[in-house]
Amino acid sequence: MTVGEPPAQPRGEFPPPTARPRAVLLRWLLVLLIVLSGLLLALQLQFKEDALDLLPGKAVRGDLSLLQRLGLVDRIFLTLTVDPAYYSSSAEAQTALQQGVAQVGRAMAASELMVEVVYRLPPDLARNLPSELGPYLPVLLERQDLAGLASRLDEAGLARIMDDNFNLLNSPAGMVVKRQVQQDPLGLLPQVLQKLSRLQQEHDATMVDGFFLSEDRLSALILAESAVPLTDSRGAAQTAELLQAIMSDHLPAGVDWGVVGSLPHTLANYQAVQRDLRLLLPLASVLLLTMLLASLRDGRVLLVLAIPFLAAPAAIAVMGLVHGQVSALALGFGIVLIGIAVDFAVHIYLALAREEGGHQAMLRRLFRPVSLATLTTAGVFVVLLFSQVPSHRQMATLALTGILLAVIFSWLLLPTLIGRRQRPPAAWFRPPVVISAGGRLLLLGLWGALLLGGLLSWPALQYTGDLRVLDAPDAKVLAAEEHFRTTWGREGELAFVVAAGATLAEAQEHNFEVYRYLRQHDWPRWQSIAPLLPAPSVQQQRLTDWQAFWAALGDDFPARFRQAAGQAGFVPTAFDSFLKRLTAPPVLLEAEAILAGPLRPLLSMMVRKPEQQQNHPHPEEYLMLTTVELSEPHHLPQLLALADGQPGVTVLANQKWRQQVERLLRHDLAVLTSAAALLLILLAVLFFRRPRSVLAVLAPVLSALAAMILFCRLTGGELNMMHLLMGIMVIGLSVDYGIFVVCARGERRSATTLLAVSICAASSMISFGVLAFAQHPALHSLGVTVLWGIGAAWPTALLVSPVLAGNALPAER
Numbered sequence: 001m002t003v004g005e006p007p008a009q010p011r012g013e014f015p016p017p018t019a020r021p022r023a024v025l026l027r028w029l030l031v032l033l034i035v036l037s038g039l040l041l042a043l044q045l046q047f048k049e050d051a052l053d054l055l056p057g058k059a060v061r062g063d064l065s066l067l068q069r070l071g072l073v074d075r076i077f078l079t080l081t082v083d084p085a086y087y088s089s090s091a092e093a094q095t096a097l098q099q100g101v102a103q104v105g106r107a108m109a110a111s112e113l114m115v116e117v118v119y120r121l122p123p124d125l126a127r128n129l130p131s132e133l134g135p136y137l138p139v140l141l142e143r144q145d146l147a148g149l150a151s152r153l154d155e156a157g158l159a160r161i162m163d164d165n166f167n168l169l170n171s172p173a174g175m176v177v178k179r180q181v182q183q184d185p186l187g188l189l190p191q192v193l194q195k196l197s198r199l200q201q202e203h204d205a206t207m208v209d210g211f212f213l214s215e216d217r218l219s220a221l222i223l224a225e226s227a228v229p230l231t232d233s234r235g236a237a238q239t240a241e242l243l244q245a246i247m248s249d250h251l252p253a254g255v256d257w258g259v260v261g262s263l264p265h266t267l268a269n270y271q272a273v274q275r276d277l278r279l280l281l282p283l284a285s286v287l288l289l290t291m292l293l294a295s296l297r298d299g300r301v302l303l304v305l306a307i308p309f310l311a312a313p314a315a316i317a318v319m320g321l322v323h324g325q326v327s328a329l330a331l332g333f334g335i336v337l338i339g340i341a342v343d344f345a346v347h348i349y350l351a352l353a354r355e356e357g358g359h360q361a362m363l364r365r366l367f368r369p370v371s372l373a374t375l376t377t378a379g380v381f382v383v384l385l386f387s388q389v390p391s392h393r394q395m396a397t398l399a400l401t402g403i404l405l406a407v408i409f410s411w412l413l414l415p416t417l418i419g420r421r422q423r424p425p426a427a428w429f430r431p432p433v434v435i436s437a438g439g440r441l442l443l444l445g446l447w448g449a450l451l452l453g454g455l456l457s458w459p460a461l462q463y464t465g466d467l468r469v470l471d472a473p474d475a476k477v478l479a480a481e482e483h484f485r486t487t488w489g490r491e492g493e494l495a496f497v498v499a500a501g502a503t504l505a506e507a508q509e510h511n512f513e514v515y516r517y518l519r520q521h522d523w524p525r526w527q528s529i530a531p532l533l534p535a536p537s538v539q540q541q542r543l544t545d546w547q548a549f550w551a552a553l554g555d556d557f558p559a560r561f562r563q564a565a566g567q568a569g570f571v572p573t574a575f576d577s578f579l580k581r582l583t584a585p586p587v588l589l590e591a592e593a594i595l596a597g598p599l600r601p602l603l604s605m606m607v608r609k610p611e612q613q614q615n616h617p618h619p620e621e622y623l624m625l626t627t628v629e630l631s632e633p634h635h636l637p638q639l640l641a642l643a644d645g646q647p648g649v650t651v652l653a654n655q656k657w658r659q660q661v662e663r664l665l666r667h668d669l670a671v672l673t674s675a676a677a678l679l680l681i682l683l684a685v686l687f688f689r690r691p692r693s694v695l696a697v698l699a700p701v702l703s704a705l706a707a708m709i710l711f712c713r714l715t716g717g718e719l720n721m722m723h724l725l726m727g728i729m730v731i732g733l734s735v736d737y738g739i740f741v742v743c744a745r746g747e748r749r750s751a752t753t754l755l756a757v758s759i760c761a762a763s764s765m766i767s768f769g770v771l772a773f774a775q776h777p778a779l780h781s782l783g784v785t786v787l788w789g790i791g792a793a794w795p796t797a798l799l800v801s802p803v804l805a806g807n808a809l810p811a812e813r
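Residue numbers (the UniProt record's numbering): 1 to 813.
(1) Nearest by alpha-carbon distance to residue 776: which of 785, 274, 150 and 159 is it?
(2) Pairing CB atoms from the segment 290–297 with CB atoms from the segment 787–801, are three or more of them under 8 Å?
(3) How long is the line joining the alpha carbons of residue 93 and residue 86, rounded to whole angstroms?
(4) What does DSSP give as the partner residue(s) for residue 259 in the beta ladder?
(5) State the DSSP-derived secondary structure class of residue 570, mapped to helix, strand or coil.
(6) Quick check on this structure: which residue in 679, 774 and 801 has the alpha carbon closest to the alpha carbon of residue 278?
(7) Can you find the residues in the same chain that come closer than 6 Å, C-beta to C-beta, to residue 98, ignoring five residues on each side of it along the sequence?
(8) Please go through the segment 217–281 and give each complete alpha helix (DSSP H) segment of 4 or more residues, from N-terminal end onward.
(9) Give me the DSSP bridge partner(s) of residue 212.
(10) In chain order, what residues of the same chain have a beta carbon less than 7 Å from the beta carbon of residue 380, not counting five sequence neighbours either side?
(11) Roughly how many angstroms lie between the CA atoms of residue 580 and residue 599, to the nearest whole one?
(12) Cβ of residue 461 less than 8 Å from any chain B Cβ?
(13) Mind listing, in chain order, the continuous beta strand (DSSP E) runs of no fewer than 3 residues lying wholly within the segment 497–537?
(14) When burial is assigned at 16 or more other CB atoms within 10 Å of the CB, is residue 513 buried or exposed?
(15) Since I believe residue 528 is in contact with residue 116 (beta carbons under 8 Å), could you give me their beta-carbon distance rounded to a whole number of angstroms?
(16) Using C-beta distances below 6 Å, list every residue in its chain close to residue 710, excluding the 5 sequence neighbours before and after it, in chain order.
(17) Would you kindly work out how many angstroms separate the C-alpha atoms of residue 701 and residue 288, rounded to a whole number?
(18) Identify which residue in 556, 320 and 43 has its Cα closest to the Cα of residue 154.
(19) Taking the continuous alpha helix (DSSP H) assigned at residue 341, which residues delimit it?
(20) Can you say whether residue 6 is buried or exposed, counting buried as having 16 or more other CB atoms within 10 angstroms of its CB?
(21) Only counting the same chain, and skipping five residues up and downstream in sequence, which positions put a Cβ closer than 8 Å to that of residue 30?
(22) When DSSP labels each residue in this structure, what does residue 624 get in the three-state scheme?
(23) In whole angstroms, give me the CA-to-CA distance for residue 81 and residue 196.
(24) Beta-carbon within less than 6 Å of residue 18's beta-carbon, same chain only, minus the 5 sequence neighbours each way: which residues are those?
(25) So residue 535 and residue 509 are in contact, right, with Cβ under 8 Å, and what is the actual spacing, rounded?
(26) Less than 8 Å separating the beta-carbons of residue 223 and residue 336?
(27) Please name the residue or residues paired with residue 630 in a DSSP beta bridge.
(28) Report buried or exposed for residue 632, applying the criterion of at least 16 other Cβ atoms within 10 angstroms of its Cβ.
(29) Please report how far the alpha carbon of residue 798 lies from the alpha carbon of residue 754, in whole angstroms.
(30) Between residue 646 and the rest of its own chain, which residues show a CB-CB distance below 7 Å, the 5 nearest in sequence each way excluded?
(31) Within the same chain, show all residues whose beta-carbon is closer than 7 Å to that of residue 636, passing over the 5 residues directly before and after it, in chain order.
(32) Suppose contacts are defined by Cβ-Cβ distances below 8 Å. Is residue 397 in contact with residue 385 by that definition?
(33) With H, G and I counted as helix, E and B as strand and the rest as coil, what does DSSP make of residue 605?
(34) Does DSSP put residue 653 in a helix, a strand or coil?
(35) For residue 620, count neighbouring Cβ atoms within 10 angstroms of its own Cβ and tell me buried if that reaches 16, exposed if not.
(36) DSSP has residue 463 in a bridge; who is on the other side?
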């Protein structure tokens, strides 16, 4: 050996990593520079926990945004229930209940976490309401009310009215109603008060001393709105801690409480996910590491797993630059999807560590399958960028960038860690080979039966847009909701009809059209502010009707009225103040006056000003809410027809969203799956050309899709958004198995490749498959999808793809 000449390397071994220290150092510095730059940008990323990012379509997200602006998402319904056995009498139990409601309500109202708390109306409301509403009778009475009054104002009718008033005043109740009779001898106000029952139709509550009590007087209702978003687990936890502390400090003995709304569901879902992940992730990690160490018998496998995830910071930074604020859920799932790139690292590692040949020669052999597999996987996520679900697009951006960078990092760094070729695969692994013609025919027949079953099951699949299928309420939440329905009589599904306007007057106009429509169609149960706050144009018309009504009675009506009063026993001047109001110039009912009056606690839940919507991006609009019970199948179509024909009116209903989400989900599944299939076929044809080779590459994908479809069909499951997301991921993994197997068959190096495919498939099934045992529906859907998809793709790649590909690929010889 000549002096200064580097020592010769043994045949079949790679140069050790220290052979070219400068090149190795440059590779690591380049990767670390990208990682650090990405980390600096990723630290500036703004996260949000917005349920709207999980919904497809602008219309659905717009409806849910409107629901948030109304405060309905953050609304809390508290039921306080007293145990009558704890007290000596029902009166004592009711007193304790009312004291508890007052104490709890005051404590909640004093908290910064609550922006609106309704637990009691003013106790003197019934006494003061006549004087509050009296001046506005001309605009609150409708034309049919005046028509009914006219039939009672002839000479005989007036005499009966005055006799009834005189007898009432001389009864035991006379002292109580004296003022009411003097101000309203014709009984106009009761007709208005009857309309106010529409303010309370949502729940079957009885007003007792200002409290909302159940029919049996054993339960009381408190309505509240949280100042923090209750769809955010942190905000929900803060609110739950506040309520727990208040109840512990202020509830009397024998009084229990329950809460319904988004708060308990958010907490139940968060706790279910945390419980599942605490149990399943450590289990998956232990199983995965055990499998890798047992199969590879090399501690460096930990580095093989770690290198692809170096791409995460830069990928997160790119996602932030593209999408701005991103969903925390999208971030978590996106990083998981980057884990697909571990498959590429495993293939590179095993080829360099187990195959014979020079360093550069081995990388040249790997370039074709790795580049094609990277293109197909990236192409699948490019397709997902066109999903109508914002969080899917965010995940796709993160996964696409991360996988591309992870493959580059693995290509650059893994050769620097693997110096000397190790022994061939362990004796326990023998690639399965089907040699006999009969065996091949049987294998292809079974595979064809699987595909046929999937094809026939596809049209029968059921889709669900009901977001509640991804909900995980516990027994306590369900019991509280059942108690709420039983106590307050809410059996049917509710719809919310929202009237919007640039001004409060415009919102009133739209809201009154909704009120008019419901009355015309004799709707059974609904709650509206319109009877108390008519539209300005309606008020003007009623003023005209009022003036015409009294003018038609003639100028001598006051004299006839006084005469009837005198004949009944009243002094002639007893009702002068009433007659004076009849002839006084009538006034319009200003919305601001009513909203600031004694009914404000009730009305505040039904009217939303722009300043109350500051936590949500929106146009400067006033919103007015009508709550409607959907007790019949035709009710929702009727409301939707109303909204279509009435500008400024929107219907919010779970039935509507479910139908829209199902339609969009069908669209996404059909379009995105077709686009992914066309892309994979195109790439396979461009790279392999031969139909048999193309079919061999796509065989694992076809098996995965067929297995997932068959499983859903046989178990009666319905496809939801989680199936779409994880189905795309399974396609990306499955096609890689086919690519590596077909390329390996062409180059006569099947053993190492099949070992790599098996390790990759087993790791995916372990990592995601354990989620099939999760209690949370979303995690369970994710796990089952991957388990069945990869479970079918893996044996297909090992057994079917080699048979379809043949012994060799001419293009690769």
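Every residue gets a Cβ at the ideal spot worked out from N, C-alpha and C, and that includes glycine.
Taking the geometry as given:
(1) 274
(2) no
(3) 8 Å
(4) 78
(5) coil
(6) 774
(7) 211
(8) 233–250
(9) 207
(10) 676, 728, 731 and 732
(11) The C-alpha of residue 599 is placed about 27 Å away from the C-alpha of residue 580.
(12) Chain labels in this structure do not include chain B; a single protein chain is all it has.
(13) none
(14) buried
(15) About 19 Å; that fails the 8 Å criterion.
(16) Excluding residues up to 5 positions away in sequence, 453, 454 and 457 lie with their Cβ nearer than 6 Å to the Cβ of residue 710 in the same chain.
(17) 24 Å
(18) Of the candidates 556, 320 and 43, 556 places its Cα closest to the Cα of residue 154.
(19) 341–354
(20) With a pLDDT of only 40 at residue 6, under the threshold of 50, the placement of this residue in the model should not be trusted, and no figure is reported.
(21) Around residue 30, the same chain offers 412 as residues with beta carbons nearer than 8 Å, after the five sequence neighbours per side are excluded.
(22) strand
(23) 27 Å
(24) Residue placement at residue 18 is poorly supported in this model, since its pLDDT is 43, which falls under 50; the coordinates are not used for a value here.
(25) Beta-carbon to beta-carbon, residue 535 and residue 509 are separated by about 4 Å, close enough to satisfy the 8 Å threshold.
(26) no
(27) As DSSP reads the structure, residue 630 sits in a beta bridge with 493.
(28) exposed
(29) 7 Å
(30) 510 and 513
(31) 495, 630, 653, 655 and 656
(32) Taking 8 Å as the Cβ cut-off, residue 397 and residue 385 qualify as a contacting pair.
(33) coil
(34) strand
(35) exposed
(36) Bridge partners of residue 463: 719.
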